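To keep things clear, I will list the structure first and then write my remarks on it.
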């Protein structure tokens, strides 16, 4: 297994990327190709990690002189920064120089680059970002969470299939329950987009192709009930960030409750270990990142503020995605996933 | 101040309604008209609260023989259950028999009833549900959170004005910051709805009529930055329920962390008092309910599972809304709030 890492993208690049890569190579035996400015990568390896002569086992470097910033316009950067770590890395992925790709850089540029370079799977209308949201049942896949603000019913139906394959192949759950994110459980709820999508998913369910359980409300994404939550990228993004914000708000309130005075500080120390499980559960650094589904090769978007541990997990996740067979699933079933097929039934 | 309460709507009706009404009458000196089945209301007063001969001070009863259930179709119920506590209560409100109305019953029926009986303020296109979301800055008003799944830019612009008046008049904040809920802060983010609304709000800001601060992401609704968060009812509902679900999930995880064994239970007891502040902050029972803005009279929707304390707070909130002058604000500025006026600038 060989994973390509954009060493220059992200708030803590290249430090977090270089450290995370060496962790993944050591812990999981994954080969990692670091793409970026060789001098900067070497500096991290030498000064921070103490590798002076040879590269760490399993690590190689591919030079890319340019860096994509968070401010770069996604549409232009792919054409104009051809020697960026992002573009060089995606070309390497396309040409078979690795089994998957991880970047913590500019999300829009990664989406555009993945669509233009390794490209979408033939027949897939849009690629979708699909993070696993922590919940009472071990997590639900939210697809899409921001790649496509405007969606059609067909896009959402394709997201349902791709999410379903992911949950089965990567999370190992048989017959994943697919819920459509809406403002109520009744079929009549939602906008025209949800109402049309409901019909498509119901028909796929009737044909035994998808385990559609109906609409799911924002609350039940967290409390459980569905393994895959299908949303347009606008709504999915608002929900994802609302969940993140609520968790940050509550964790902050807990911290400040224990910071009041000497007694509360002591109490805080006493329960710290007990609350760690909660912190871990809400923590993305164990998951790694968000899969971009619908591309011909495994692509993982790690959070912009990813640390070394998160990059390590994202590399493991890219490896799991590559091994899972989900891209083969999508490719083999593309006729089922197309709107004409489902309509015809 | 006299507030009309739908005594029969809600999971714990009429018990919670009757108890909440007596609490509000005692604590705040608000007169409360309980609308519903007199016999059932009297039974609560006699058996639960020990009032045998006379009604509690400030409490009166208006008979209504029918009850709207959660399953009733909103469009039909207003025509067909004319002697329901909801319809009788709203007619009483319209005819000046009270200064505001509180119901914990069927939300759709309340929305339809409020629109058909006391009616919308002339020129307001849609009424909107607007709860206060707890956050780091003492809360933000989310408008709309479910009354209107499909919206136009004009609806959203009107929500921005109504929310702004509410925050100023009821929450007492001068020059409320209005944010448009989107999937990114840049003007280009969102769907066509958000992009068009952005222009309207920017123009209103330029004319000095509204303090529009641009797009706001789901995360910052919780972390702070805006006093009013403008959304279509579909997205607002998903966000609101996502926040509720996340809070319930985290609180549940904290509880179970302290339930592991005798030692953790002891620790839990020790920190219970310290975490109570957090629980209260996330608790809606102190706020009461959600204002339905855009109607000619103050209407408060309390949560279906409202207990007596929540009903008490909702009655206080209806009183505050009636005193605030916000309906007068909307009426006086209706030309400003109409789309032609803003377009013409």
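Protein chains in written order, with this note's numbering: chain A, 1 to 345; chain B, 1001 to 1345.
Beta carbons: idealized from backbone N, C-alpha and C, even for Gly.
Quick caveat: nothing in here was measured; it's all calculated off a predicted structure.
By Cβ distance below 6 Å, which residues in the same chain neighbour residue i in space, the five residues on each side in sequence not counted?
i: residue 1297 of chain B; result: 1093, 1118
i: residue 1099 of chain B; result: 1001, 1002, 1322
i: residue 1223 of chain B; result: 1136
i: residue 1343 of chain B; result: Only weak support exists for where residue 1343 of chain B lies, its pLDDT of 44 falling under 50; the coordinates are left without a value.
i: residue 1232 of chain B; result: 1151
i: residue 97 of chain A; result: none
i: residue 168 of chain A; result: 176
i: residue 1028 of chain B; result: 1316
Return the first residue and the last residue of the beta strand (DSSP E) that residue i is part of.
i: residue 1177 of chain B; result: 1177-1181
i: residue 12 of chain A; result: Counting along the chain, residue 12 of chain A falls outside any beta strand (DSSP E), and DSSP gives it neither H nor E.
i: residue 1290 of chain B; result: 1289-1293
i: residue 237 of chain A; result: Here residue 237 of chain A belongs to no beta strand (DSSP E); instead the alpha helix (DSSP H) covers 233-257.
i: residue 1061 of chain B; result: 1059-1063
i: residue 1130 of chain B; result: 1128-1130
i: residue 1031 of chain B; result: 1031-1036
i: residue 209 of chain A; result: Premise fails: residue 209 of chain A is in no beta strand (DSSP E) and is neither H nor E.
i: residue 100 of chain A; result: 100-103
Between residue i and the rest of its own chain, which residues show a CB-CB distance below 8 Å, the 5 nearest in sequence each way excluded?
i: residue 235 of chain A; result: 181
i: residue 1046 of chain B; result: 1052
i: residue 1345 of chain B; result: With a pLDDT of only 37 at residue 1345 of chain B, under 50, the local geometry of the prediction cannot be trusted, and the value read off the model is given with reservation. Same-chain partners within the cutoff: 1203, 1206, 1207.
i: residue 282 of chain A; result: 134, 247, 251
i: residue 341 of chain A; result: Here the model assigns residue 341 of chain A a pLDDT of 45, short of 50, so the residue's position is not dependable and the matter cannot be decided.
i: residue 1025 of chain B; result: 1031, 1032, 1056, 1057, 1058, 1059
i: residue 1279 of chain B; result: 1251
i: residue 1213 of chain B; result: 1177, 1178, 1179, 1225, 1226
Exposed or buried, residue i, counting other C-beta atoms within 10 Å across all chains shown (16 or more means buried)?
i: residue 1106 of chain B; result: buried
i: residue 9 of chain A; result: buried
i: residue 73 of chain A; result: exposed
i: residue 1083 of chain B; result: exposed
i: residue 70 of chain A; result: exposed
i: residue 276 of chain A; result: exposed
i: residue 215 of chain A; result: buried
i: residue 1109 of chain B; result: buried
i: residue 431 of chain A; result: Past the edges of chain A, shown from 1 to 345, lies residue 431 of chain A, and the structure says nothing about it.
i: residue 302 of chain A; result: buried
i: residue 1228 of chain B; result: buried
i: residue 194 of chain A; result: buried
i: residue 1081 of chain B; result: buried
i: residue 1324 of chain B; result: buried
According to the Cβ coordinates, are residue i and residue j closer than 8 Å?
i: residue 1170 of chain B; j: residue 1034 of chain B; result: no
i: residue 1313 of chain B; j: residue 1288 of chain B; result: yes
i: residue 30 of chain A; j: residue 315 of chain A; result: yes
i: residue 1163 of chain B; j: residue 1230 of chain B; result: yes
i: residue 113 of chain A; j: residue 1221 of chain B; result: no
i: residue 183 of chain A; j: residue 1148 of chain B; result: no
i: residue 128 of chain A; j: residue 101 of chain A; result: no
i: residue 16 of chain A; j: residue 308 of chain A; result: yes
i: residue 85 of chain A; j: residue 64 of chain A; result: yes
i: residue 219 of chain A; j: residue 1245 of chain B; result: yes
i: residue 161 of chain A; j: residue 337 of chain A; result: yes
i: residue 1044 of chain B; j: residue 1014 of chain B; result: yes
i: residue 1292 of chain B; j: residue 1111 of chain B; result: yes
i: residue 1198 of chain B; j: residue 1326 of chain B; result: no
Can you name, in chain order, every residue of its own chain whose Cβ lies under 7 Å from the Cβ of residue i, other than the five neighbours on each side?
i: residue 131 of chain A; result: 142, 145, 240, 290
i: residue 1125 of chain B; result: 1154, 1155, 1158
i: residue 116 of chain A; result: 78
i: residue 1267 of chain B; result: 1258
From what residue to what residue does the alpha helix (DSSP H) around residue i run?
i: residue 159 of chain A; result: 153-169
i: residue 1084 of chain B; result: Unbroken run through residue 1084 of chain B: none, as it is neither H nor E.
i: residue 147 of chain A; result: Taken as a continuous stretch (DSSP letters only), residue 147 of chain A belongs to no alpha helix (DSSP H), as it is neither H nor E.
i: residue 1324 of chain B; result: 1308-1324
i: residue 203 of chain A; result: 192-206
i: residue 1109 of chain B; result: 1107-1114
Taking 8 Å as the threshold (beta carbon to beta carbon), is residue i in contact with chain E?
i: residue 221 of chain A; result: No chain E appears in the structure shown, which is made up of the protein chains A and B.
Sorry if obvious, but does the Cβ on residue i come closer than 7 Å to a heavy atom of the ligand SAM?
i: residue 1202 of chain B; result: The ligand content of the structure shown is nil, which means the ligand SAM is not present either.
Next on the checklist: Against chain B, which members of the stretch 43-61 of chain A pass a CB distance test of less than 9 Å?
Outcome noted: Within the stretch 43-61 of chain A, no residue qualifies.
Checklist entry - If you measure beta-carbon to beta-carbon, which residues of the stretch 233-252 of chain A are closer than 9 Å to chain B? => result Under the 9 Å Cβ criterion, the stretch 233-252 of chain A contributes 233, 234, 235, 236, 237, 238, 239, 240, 241, 242, 243, 244, 245, 246, 247, 248, 249, 250, 251, 252.
Checklist entry - Using Cβ-Cβ distances below 7 Å, what residues of the stretch 1137-1155 of chain B are close to chain A? => result Within the stretch 1137-1155 of chain B, 1146, 1149, 1150 place their CB atoms closer than 7 Å to a CB of chain A, listed in sequence order.
Checklist entry - At a Cβ cut of 7 Å, what residues of the stretch 1080-1114 of chain B count as close to chain A, listed as they run along the chain? => result Across the stretch 1080-1114 of chain B, no CB contact with chain A closer than 7 Å is found for any residue.
Checklist entry - Using Cβ-Cβ distances below 7 Å, what residues of the stretch 1317-1330 of chain B are close to chain A? => result Listed in sequence order: no entries.
Item to check | the stretch 263-288 of chain A: positions lying closer than 7 Å to chain B by Cβ | outcome: Residues 264, 267, 270, 271, 274, 275, 277, 278, 281.
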